[in-house]
Structures are given as structure tokens and as C-alpha cells.
Amino acid sequence: MARIAIFGAGYVGLVTGACFADLGHEVVVRDILPERIERLRDGEVPIYEPGLDDVLARNRERISFTLDVREAVEGAEFLYVAVGTPPTYAGDADLSAVWTVIDELPDDARATVVMKSTVPVGTGEKVRAALDARGLDAVGYASNPEFTAEGTAVRDFMEPDRIVVGAFDESDGDAVEALHAGIDAPVVRADVNSAEMIKLAANAFLVTRISFINEIANVCELVGADVLHVAKGIGLDHRLGPHFLRAGLGWGGSCFPKDSLALKQLAANSGYHFQLLNAVIEVNELQKRRVLNKLERHLGKLRGKRIALLGLAFKPNTDDMREAPSLVLASRLIAEGAEVRGWDPVARPELQGVELCATPLEAVSGADAAVIVTEWPQLLEFPSEEARQAMRHPLIVDGRNLLDPATVRALGFAYEGTGRRISATDVLPEIAEREPETSE
Ligand code: UDX
308 MARIAIFGAG YVGLVTGACF ADLGHEVVVR DILPERIERL RDGEVPIYEP
358 GLDDVLARNR ERISFTLDVR EAVEGAEFLY VAVGTPPTYA GDADLSAVWT
408 VIDELPDDAR ATVVMKSTVP VGTGEKVRAA LDARGLDAVG YASNPEFTAE
458 GTAVRDFMEP DRIVVGAFDE SDGDAVEALH AGIDAPVVRA DVNSAEMIKL
508 AANAFLVTRI SFINEIANVC ELVGADVLHV AKGIGLDHRL GPHFLRAGLG
558 WGGSCFPKDS LALKQLAANS GYHFQLLNAV IEVNELQKRR VLNKLERHLG
608 KLRGKRIALL GLAFKPNTDD MREAPSLVLA SRLIAEGAEV RGWDPVARPE
658 LQGVELCATP LEAVSGADAA VIVTEWPQLL EFPSEEARQA MRHPLIVDGR
708 NLLDPATVRA LGFAYEGTGR RISATDVLPE IAEREPETSE
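Following the working numbering, the numbering of the sequence shown begins with 308 at its first residue and continues without gaps.
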């Protein structure tokens, strides 16, 4: 079993550290935030990630936390870099935290640096050159990108579709591969640049699929088709596959927006205009705003209208608000003069002008419309007689196609999904009177 130091106690670092400990390795996680390290030492898990607390709890013997670089590096055979790489104003990945880790390595370090953070292609070569310039020949380098999604991160680590290892020296690659013994998955060995590109390309491809199905959904709305049937019908083609074909109001999160922008900028900085990726990103920006048009179609001008946003996190099973479509939606609604209420079972964001409510029912009380922004399973129970009566207008705009339209309509709601057929009952009676052209 190996001794592994992990730099960064965020989502990626903690999941990586906990899972390596679970595989039997000795792990020390280093972070620069005293409060975070303190809490972790006390057995608290500072992020919301289902299952992570159990893995950490059952491996307390094998995992420790420190603020001290020396303590982390001492005796470690692997130095995993799992720090954040947020976008700069230029859209490139900000590698300052990565460089801090590399620069802080002591002169007598003897270990393999393993890059887990998502970095631009070419970063490994630059780090290698910096290590060489410092005479740190005993320090190896490998790229081992992560493909874990929030909410399922532990499972994604332990049962991955593949493990990617890029290295300059075969022996470093072999050693990093061996760390994963016990995980049953194909291993892709590559050069460092290609390993870095695999991560960026995978995320770019996933967002392309989502933006594609979102555009199909938008066309479905115009021509009277149902995107759920379409997604099923195309997903069964083995060449296409069923995943990431859920139409909605856009992709967000800690990775997709930043990584797609980083790849776009990486290409641009290298002299290539990545047209397709540009379009994929733009489609996503527009997708988040489409709900406004739907609401206006039903309610007219939104000034003074009360809109409930149900689900605020960028997806269910996380409290993460990074690049959540709810942020764009809330600020657009406020800009239009609407009164916005929000509910989420876990996320507690401080959104200016948004009143947070304890229950969906409270959020929709007196509301002119409820928008399902995040498909939390709790919301399956939301459409009820009580909820309908509590609303000023019983209109549900389902941004995630969570609910069954027939059931919701039978309860007396007007319902509009995403990329689904709109029926005559979906127009509120008083609005149908005012704007007869909107009824079918
Ligand atoms: C993603 C990748 O899945 C993961 O491999 C990578 O390491 C990090 O980024 P994550 O951001 O946690 O993981 O969430 P994911 O479940 O992939 O969803 C991302 C966004 O896409 C969410 O906003 C989600 O609502 C949206 N999405 C996903 C869709 O709109 N439709 C889909 O079909 C799938």
C-alpha cells in the first residue's frame, strides 16, 4: 500500500483521498484553510456529498488532515494535486493554486506528482520543465484526470467507466495505475498532453449532447413533438447511447461551464476557432433564459408577478450553486420586476432579492407560477390540491420534465414542460381570454 498526499480538500481532493484510503492506502490531505482542516479532523465533512461521510468515517485510521506542506510530503510516494482551477477573466483556467503546490514542494521531495485538477493541455509539460529547472529529478509526473460527478462521486471513483493515466515515464504511469488496484475498470494509458485533452474533450462532448437535445427540445415545442420520445428513440441507437439526453433549462455546475470555456480559450489561444463548442456554450446561455418567454406567454408582463423557483442547486443531490441556472433565472426575473421566491432542500444561497422558503408550498403561496428548476425528487409530491389552491395562478413550468403532464393537469394545473406538446388546458383561462391567440 502507498502513502499518498492530496493537495486540496475540496470535492475532488476529499473524494480522491477518502476513496484511496478505502482502497487501503495511507492518505494525508493538505489544505490551506485552517477551519476546513479543523472540521475534517473533528470528523465533520464540509461538503454535501452522499456517501462520503461513511467512507471517511470507516477510514479514519488511514486518513489524516494537515495544513503543513512538509508533513504532507514527508514519506509520501504520490503527491496528488486536487486544487481548484477556476476561470480567469479571460476564460482560461487559473492555475495559480496548482503552481503554489508545485512551488512549495521541498527541495528534497522524492515522489510522483499526480495532476487530478483539470488543467489546460500542456500544463504537465510546463510543470515537468519547472521541476527539472529546480533540479527535482527525483520527482515524477503523471496526469490522472477525474470524471466524478457531484452526488455520485464516491461511486464514480470506485466504479469508473475508465481510469486515465498519462505519464512521461512508463514507471510513473505504472505506479499510478497500480494505486487503483481493486477497481475494476479499463485503464487508458496515454502521453500527458492526451490525458489532459481526454478530460476536456469528455466534458465538451457531454455538454454538446445536452445543448443538442435542448435545441431539439426547442424545435419540438415549435413543431409539436415530444422530446422525451425523441430522446428515447435516438438513445436506443447503440452508436448514440441514452445518456446526457435530458432536455432542461441548461447545464451548470463546477466543471462543465468552466471546462468548456477553458477548452474554447485553449483552442483560441492556440489559433483555433472552436466553432461547435462556441455554439454549444451559447445555446446553453439562451436555454437558461427561455423560461422567461414561457412565463410571459402565460402571464403577460412579469412586473409584480410572483414566481417560485423550485430547486436552486445546479442539479439534485448537491448543495452546489456554482453556475446554477437558477442564478441566471432569478436575476433575469428580478430585472423584469418579478417577485422571486426560492426553495431548495439543501442549497441555502444568499441571492439578492430572492426570498428563501422552507417548503415548496410556502414558496408557491400566492405565486403566479412555479418553475421547476432542479429535479429534486421531493418535488414529485409538490403538485397537490393544496398547492393549487395556494397559488394565485396554478401554472407549473417544468424546466426539467420532472412531472407527469397528465397527472398534473388532472389536478387542475396548467403545465408546460421543456420540449413537450402544449395542450389547450395549458393556457390559464383568464389569459386565454386576454390573449386568445396563445391557445391552440
Ligand atoms: C460533470 C461530469 O459529469 C463529470 O464527469 C465531471 O468530472 C464534472 O462535471 P457534475 O458537474 O457533477 O459532473 O454534474 P452532471 O451530473 O454531469 O450534470 C452537469 C449539468 O448538466 C447539470 O446542470 C445537469 O442538470 C445538466 N444535465 C446533465 C442536463 O441538463 N441534461 C443531462 O442529460 C445531463
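Built from N, CA and C at the ideal position, the CB exists for glycine as well.
Not one heavy atom of ligand 1 lies closer than 8 Å to the C-beta of F464.
Sequence-distant Cβ neighbours of K612 in its own chain, meaning closer than 6 Å and more than five residues away, are L606, A645, D675. Exposure of K608 is indicated by the presence of fewer than 16 other C-beta atoms within 10 angstroms of its C-beta.
Here the residues close to ligand 1, judged by CB distance below 5 Å to any of its heavy atoms, are F454, A456, E457, I517, F551, R553, G555, W558, G559, G560, C562, F621, K622 in chain order.
For Y448, the three-state secondary structure derived from DSSP is strand. Rounded to whole angstroms, the Cβ separation of V704 and V678 is 5 Å, and the two are in contact under 8 Å.
For I370, the enclosing beta strand (DSSP E) stretches over residues 370 to 373.
The C-beta of M308 has fewer than 16 other C-beta atoms within 10 Å across all chains shown, which makes the residue exposed.
When DSSP assignments are scanned along the segment 308 to 353, the uninterrupted stretches of beta strand (DSSP E) that are 3 or more residues long and fall wholly within it turn out to be 310 to 314, 333 to 337. Apart from sequence neighbours up to five positions away, the residues of its chain that approach G315 with a beta-carbon distance below 6 Å are A389, V390, ordered along the chain. Distance from the Cα of V680 is smallest, within the candidate group D349, K595, L547, for K595. Three or more Cβ pairs closer than 8 Å define a contact, and the segment 422 to 431 meets that threshold against the segment 446 to 466. The DSSP-derived three-state label of D439 is helix.
A distance below 6 Å between beta-carbons, with the five flanking residues on each side excluded, links D329 to the following residues of its chain, in chain order: V362, N366. Between R727 and L535, the C-beta gap is smaller than 9 Å, which places the two residues in contact. The three-state reading of DSSP puts T459 in coil, since its state is none of H, G, I, E or B. Secondary structure note for L619: it is in no beta strand (DSSP E), with a DSSP letter that is neither H nor E. Pairing L710 with L636 gives a Cβ-Cβ distance that is not under 9 Å. For L668, the uninterrupted alpha helix (DSSP H) segment begins and ends at 667 to 671. The Cβ-Cβ distance between A418 and F385 falls below 9 Å.
In this structure, the beta-carbon distance from T459 to V319 does not fall below 9 Å. For A642, the closest of E630, L702, I614 by C-alpha to C-alpha distance is I614.
If you draw a straight line from the Cα of D401 to the Cα of S577, it is about 17 Å long.
Relative to the Cα of D491, the nearest Cα in the group V426, V499, P684, R462 belongs to R462. Measuring C-alpha to C-alpha distances from I311 to each of V376, T725, G358, A508 identifies V376 as the nearest. Taking 8 Å as the upper bound for CB-CB distance, S633 and L616 are in contact here, some 6 Å apart.
The three-state reading of DSSP puts W650 in strand, counting E and B together. With a contact defined as Cβ atoms closer than 8 Å, E356 and E457 qualify at about 7 Å.
Judged by their CB atoms, T515 and V426 are not nearer to each other than the 9 Å cut-off. Per DSSP, reduced to three states, the secondary structure at P413 is coil, with no helix or strand assignment.
The alpha-carbon separation between F621 and E682 amounts to approximately 10 Å. The straight-line gap separating the alpha-carbon atoms of A713 and Y722 is approximately 9 Å.
Assignment of L547 by DSSP, reduced to helix, strand and coil, places it in the coil class.
Your pair F551 and L513 checks out as a contact, with CB atoms roughly 5 Å apart and the cut at 8 Å. Annotation for I679: the continuous beta strand (DSSP E) segment containing it runs 676 to 679. When secondary structure is reduced to three states using DSSP, A697 falls in the helix class.
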